[in-house]
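**Q**
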């Protein structure tokens, strides 16, 4: 049982390594992690989950 648990953990590690998000501007372009929310075309407006590609609006 101990070996099976270790194998399960090793298989799940690549999934955890890819978890992340991307900030998206009001104009639809990707932004750096340091971008701040706002109403301008180049301001951070949405967040995209890199694994599922789902997008959420950032409420200001």
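In our numbering, the protein residues as written are 4 to 63. Don't be surprised by glycine CBs; every beta carbon is placed ideally from N, CA and C. Predicted model only: the values in this text are computed from it and were never measured.
Using three-state DSSP, classify residue 35 as helix, strand or coil.
**A** On the chain shown, position 32 is the one that residue 35 refers to. If DSSP states are grouped into helix, strand and coil, residue 35 belongs with coil.
**Q** Which residue or residues does DSSP assign as beta-bridge partners of residue 52?
**A** By 1-based counting over the chain shown, the position of residue 52 is 49. Note: residue 52 sits in a beta bridge opposite 24.
**Q** For residue 42 and residue 27, I'd like the C-alpha separation in whole angstroms.
**A** Position 39 of the chain shown, counted from the first residue, corresponds to residue 42. Position 24 of the chain shown, counted from the first residue, corresponds to residue 27. About 12 angstroms.
**Q** Out of curiosity, what's the CA-to-CA distance linking residue 23 and residue 54?
**A** Taking the chain shown and counting its residues from 1, the one referred to as residue 23 is at position 20. Taking the chain shown and counting its residues from 1, the one referred to as residue 54 is at position 51. Their backbone Cα atoms lie some 7 angstroms apart in a straight line.
**Q** Can you find the residues in the same chain that come closer than 6 angstroms, C-beta to C-beta, to residue 38, ignoring five residues on each side of it along the sequence?
**A** Taking the first residue of the chain shown as 1, we reach residue 38 at position 35. Cβ neighbours of residue 38 beyond the five flanking positions: 26, 47.
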